[in-house]
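Quick notes on the structure that follows.
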Amino acid sequence: MRVTIIGPAYPLRGGIAHHVFWLWKELTARSHAVQVISFKRLYPAFLFPGKVTTDASELKLDAEAEALLDPLNPLTWLRALNQTREFDPELVIIQWWNTFFAPVTGILSGLFEAAGIRVLLECHNILPHEDKWFDFALAGFAFLPVDRFITHSEADLNTLLTIRSDAVVRVAPLPSIDQFAGKSRPDRRGRNILFFGLVRKYKGLEVLLRAMPAVLARFDCRLRIVGEFYDPASPYRKLIEDLGLESRVEIEDRYIANEEVGSLFDWADVLVLPYLSATQSGVARIALSNRLPVIASRTGGLQEIIIDQVNGLMFSPGDERELAKALIRYFAEGLGPLLAAGAPSLETNVEEFLNLGL
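Under the working numbering, the first residue of the sequence shown is numbered 596, with each subsequent residue one higher.
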């Protein structure tokens with residue numbers, strides 16, 4: 596089958612670019628002819644909260660993409676349309692994650708459908724995590740020409756159906772990426788806590804920090820906060836100082852290179868996802884593929900990934916006391932080896948994922 600994938604790809608950075616690489620690699624390995632069309636840029640500089648948009652990792656997850664699209668330049672949309680028509684795919688898989696891309700997604704999808712090319716929208720989020728009143732309408736515009744969708748959680752499926760009640764939707768949990776596998780696969784008997792990924796308000800880092808004094812009163816442990824801050828870091832640093840956590844909490848405010856990910860997950864004994872809201876989590880998938888237990892808030896798609904007392908522990912969103920109790924229990928009962936053994940229980944079936952829409 597001839598398949599075109601449209602979405603961010605190397606040298607652009609981030610989880611969706613990593614997923615595009617995975618999808619390209621797995622489809623190519625199964626003898627599909629795959630074209631990848633990416634973006635020349637994702638956002639105007641004033642809308643991007645990070646430091647750089649490109650991936651400087653030594654380990655390049657390169658899907659051999661053509662960087663054609665600019666979300667603010669319709670001429671590039673036509674260029675992408677022409678390149679796709681020349682490739683003559685039987686299916687176009689468009690990555691969807693933010694309503695900022697509603698115009699390019701909706702118009703390109705409509706043009707593909709008008710040209711007789713099937714479109715499948717793969718949704719990493721339906722609406723932004725911190726959505727505004729107009730996001731529902733923008734998503735509706737983007738989804739209007741499409742009738743086939745993939746979501747990565749039941750939570751996103753339910754949100755999608757409020758926008759397109761007639762949509763044909765399959766739920767396919769995110770796969771893990773082999774390149775992020777650690778080497779040592781420790782038994783997780785230590786007391787190293789990891790918070791990993793871009794730092795934004797909805798991820799609830801403040802909840803974890805406020806839980807730490809109670810945990811440290813019982814156990815000598817260490818917390819590493821590893822990832823680029825999209826919110827100002829200063830309030831978090833001040834909270835660490837106010838709580839007297841400076842000697843036990845380390846902040847690494849930077850985008851983590853691909854080749855560093857595996858060793859970070861080897862270092863940790865537990866990953867904490869204290870999200871205030873969530874649809875799904877690529878970070879949780881990396882953890883579970885590395886047999887690293889997860890303590891996560893009971894919200895959105897996290898409840899579909901983390902099974903309480905099987906591959907992790909759950910707590911109520913925003914409840915620092917409950918999180919502290921979960922961490923104390925994890926260390927006091929030595930749950931690391933038991934929950935690490937349960938981590939692969941939700942491994943994604945690659946063949947099932949790739950058969951969706953094909």
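Beta carbons are placed, not taken as given, at the ideal position from N, Cα and C, and that holds for glycine.
By alpha-carbon positions, which one of the options ends up nearest to residue i?
i: Arg-819; options: Ile-788, Arg-849, Glu-836; result: Ile-788
i: Arg-674; options: Gly-735, Asp-848, Ala-776, Ile-601; result: Ile-601
i: Pro-603; options: Ala-734, Phe-634, Ala-891; result: Phe-634
i: Arg-608; options: Lys-778, Ala-658, Leu-908, Leu-834; result: Ala-658
i: Gly-907; options: Ala-927, Ala-882, Arg-916, Asp-914; result: Ala-882
i: Gly-705; options: Asn-720, Phe-695, Ile-689; result: Ile-689
i: Ser-842; options: Ile-901, Pro-808, Arg-880, Ile-721; result: Pro-808
Residue i by DSSP, collapsed to three states: which one?
i: Glu-823; result: coil
i: Gly-907; result: strand
i: Trp-691; result: strand
i: Asn-787; result: strand
i: Gln-875; result: coil
i: Ile-601; result: strand
i: Phe-729; result: coil
i: Val-615; result: helix
i: Leu-934; result: helix
i: Ser-829; result: helix
i: Glu-661; result: strand
Go through its chain and collect everything with a Cβ distance to residue i's Cβ below 7 Å, but skip five positions before and after it.
i: Tyr-825; result: Pro-644, Gly-645, Leu-793, Val-794, Arg-795
i: Arg-759; result: Phe-738
i: Ala-776; result: Gly-857, Ser-884, Asn-885
i: Ser-652; result: Ala-852, Asn-853, Glu-854
Can you find the residues in the same chain that come closer than 8 Å, C-beta to C-beta, to residue i, ignoring five residues on each side of it along the sequence?
i: Cys-718; result: Trp-691, Trp-692, Phe-744, Ile-745, Thr-746, His-747, Asp-751, Leu-755
i: Gly-896; result: His-747, Ser-748, Glu-749, Ala-750, Asp-751, Ala-873, Thr-874, Gln-875, Ser-876
i: Glu-725; result: Arg-795, Lys-796, Tyr-797
i: Gly-931; result: Asp-782, Arg-783, Arg-784, Gly-785, Asp-864, Val-865, Pro-888, Tyr-925
Give the C-beta separation of residue i and residue j to the nearest angstrom, bearing in mind that I take them to be a contact with Cβ-Cβ under 8 Å.
i: Leu-922; j: Val-821; result: At roughly 18 Å, the Cβ-Cβ gap does not stay under 8 Å, so Leu-922 and Val-821 are not in contact.
i: Arg-784; j: Gly-937; result: Their Cβ separation, rounded to whole angstroms, is 16 Å, which puts Arg-784 and Gly-937 out of contact at 8 Å.
i: Phe-587; j: Pro-770; result: Residue 587 lies beyond the stretch modelled for the chain, which goes from 596 to 953, so this question has no answer here.
i: Leu-803; j: Leu-918; result: 7 Å
i: Tyr-870; j: Pro-830; result: Incorrect: roughly 18 Å between the Cβ atoms, too far for contact.
i: Leu-834; j: Phe-791; result: Contact flag wrong, Cβ pair sits at about 19 Å.
i: Phe-736; j: Ala-709; result: Not quite, the Cβ-Cβ distance comes to about 16 Å (not below 8 Å), so this is no contact.
For residue i, I'd like the list of residues in its chain whose CB is within less than 6 Å of its CB, leaving aside the five on either flank, ordered along the chain.
i: Thr-679; result: Thr-599
- Going along the chain, which unbroken runs of the alpha helix (DSSP H) with 4 or more residues stay wholly within the region 756-818? 800-811
- Item | Runs of alpha helix (DSSP H) wholly within the region 831-883 (minimum 4 residues, chain order) | 853-862
- Within the region 675-720, ranges of the beta strand (DSSP E) (whole runs, at least 3 residues): 686-691, 713-718
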